[in-house]
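When you line the sequence shown up against my numbering, it's residues 38 to 258, in that order. In what follows, a structure is listed as structure tokens, so that the remarks can point back to it.
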Amino acid sequence: MGLEYFRNSLVLPPAFTLGPVIFIDDFSDLLKWTKGGTTGDFIFELDPNTAYSDNNSLHLKTRATSAADSDTMKASREAMLFPSKLATFITHFKIGSSYPTFTYFSLWYCDGANTFEAMIRYADVAGTWAYKDIAGNYQTFYTPTIKLYHYAFHRLSLEVDFNTNKYRYIRIDDKVVDLTNKSFYNPAGFTAHDLTAQVDYITGSAAAREMWIDNPTLVAL
Numbered sequence: 038m039g040l041e042y043f044r045n046s047l048v049l050p051p052a053f054t055l056g057p058v059i060f061i062d063d064f065s066d067l068l069k070w071t072k073g074g075t076t077g078d079f080i081f082e083l084d085p086n087t088a089y090s091d092n093n094s095l096h097l098k099t100r101a102t103s104a105a106d107s108d109t110m111k112a113s114r115e116a117m118l119f120p121s122k123l124a125t126f127i128t129h130f131k132i133g134s135s136y137p138t139f140t141y142f143s144l145w146y147c148d149g150a151n152t153f154e155a156m157i158r159y160a161d162v163a164g165t166w167a168y169k170d171i172a173g174n175y176q177t178f179y180t181p182t183i184k185l186y187h188y189a190f191h192r193l194s195l196e197v198d199f200n201t202n203k204y205r206y207i208r209i210d211d212k213v214v215d216l217t218n219k220s221f222y223n224p225a226g227f228t229a230h231d232l233t234a235q236v237d238y239i240t241g242s243a244a245a246r247e248m249w250i251d252n253p254t255l256v257a258l
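Right, here's the structure in full:
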């Protein structure tokens with residue numbers, strides 16, 4: 038009787054150009070992400086019942102007890118910025134049933150003098166997408182709206198140039214947006230901090246809200 042050996046693998050989602058993979062996380066074992074946000078009976082854990090591929094996803098849910106408007110859950114992971122200073126953050130994600138929430142996807146780091154923060158915001162219900170500009174304001178970048186299906190996985194790709202402090206391309210499922218002439222937020226100050234990929238989930242009403250992320254990937258270009 039023979040023995041069968043197998044190993045799960047993951048096909049990287051489409052990106053415009055790919056270089057060294059800094060990290061890819063299918064959440065198959067240890068949770069390597071840092072939680073943040075509003076304290077209370079929140080959920081920040083691996084979910085074996087929901088996954089885009091393989092075994093788990095990361096389940097984020099804001100507090101149920103004393104829930105309030107603007108409750109927040111954050112998931113972040115530090116990495117290294119390659120000498121090219123070009124990076125792409127790719128992730129699959131799923132948002133719960135329709136309600137007013139805001140989901141933020143960002144790549145940022147601090148060099149000890151300035152913070153460099155590229156951030157994309159999705160407003161559920163309205164279905165609007167915006168980027169954080171050089172002044173720290175949010176500018177809508179796609180019309181008509183791109184409304185996401187609830188309880189279905191979607192894919193986002195955020196490509197950033199830290200040499201010019203500008204966005205490059207944003208991909209939302211099959212939609213591609215050219216933001217190469219748009220500068221991102223670049224305030225002075227703050228302590229030096231490694232390159233960080235981050236997802237923030239913020240409620241727009243006084244109730245617990247939830248989302249899942251899977252296969253977050255950071256690639257140097």
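The beta carbon of each residue, even a glycine, is placed where N, CA and C say it ideally should be. In this text the structure is predicted, and so the values were computed from the model without any measurement.
### Message
Can you tell me whether I171 is buried or exposed? The criterion is at least 16 other CB atoms within 10 Å of its CB, across all chains shown.
### Response
exposed
### Query
Can you find at least 3 beta carbon pairs, one from the region 142-153 and one from the region 174-192, that sit closer than 8 Å?
no
### Query
So which of T71, T75 and Y89 has the shortest CA-CA distance to E82?
T71
### DSSP beta-bridge partners of K131
W249
### Query
Does the Cβ-Cβ distance between I132 and T140 come in under 9 Å?
yes
### Message
Which complete beta strand (DSSP E) runs does the region 190-251 hold, if anything under 3 residues is left out?
### Response
191-198, 203-209, 212-215 and 230-240
### Task
Taking only the alpha-carbon atoms, compute the straight-line gap between W249 and F130 and give it to the nearest angstrom.
5 Å
### Query
For the region 77-158, which segments carrying the beta strand (DSSP E) assignment without a break, of at least 3 residues, lie completely within its bounds, in sequence order?
80-84, 94-98, 109-115, 123-132 and 138-147
### Task
Please state whether DSSP places I59 in a helix, a strand or coil.
strand
### Close Cβ partners of T228 (< 8 Å) along its chain, the five nearest in sequence each way excluded
C147 and G149
### Query
Are Y206 and S194 close, meaning C-beta to C-beta below 9 Å?
yes
### When L255, T254, D251 and E247 are compared against I80, the one with the closest alpha-carbon
E247
### Best match in D231, I157 and D78 for proximity to Y222 [C-alpha to C-alpha]
I157
### Query
Would you report the Cα separation of N45 and A225, rounded to the nearest angstrom?
For N45, the predicted structure reports a pLDDT of 48, less than 50, and the residue's modelled location is therefore unreliable. The matter cannot be settled from this model.
### Query
Would DSSP call K169 helix, strand or coil?
strand
### Query
Does the beta-carbon of F53 have 16 or more other beta-carbons within 10 angstroms, so that it is buried, or is it exposed?
With a pLDDT of 46 at F53, under the threshold of 50, the modelled position of that residue is not reliable, and the figure given next carries that caveat. Exposed is the call here.
### Local conformation of G74 per DSSP, three classes
strand
### Query
By the 10 Å Cβ neighbour count, where 16 or more other Cβ atoms means buried, how is V58 classified, buried or exposed?
exposed
### Query
Nearest-angstrom Cα distance between F43 and D91?
Model confidence at F43 stands at a pLDDT of 49, short of 50, so the residue's coordinates are unreliable and nothing is read from them.
#### Entry: Unbroken beta strand (DSSP E) run spanning Y179, endpoints
Counting along the chain, Y179 falls outside any beta strand (DSSP E), and DSSP gives it neither H nor E.
### Task
Measuring alpha carbon to alpha carbon, tell me which of K122, A105, A88 and Q235 ends up nearest G77.
A105
### Message
Do P181 and I61 have their beta-carbon atoms positioned less than 9 Å apart in this structure?
### Response
no
### Query
Are the Cβ atoms of F204 and A155 separated by less than 9 Å?
It is Tyr, not Phe, that sits at residue 204 in the sequence shown. Cβ atoms of Y204 and A155: closer than 9 Å.
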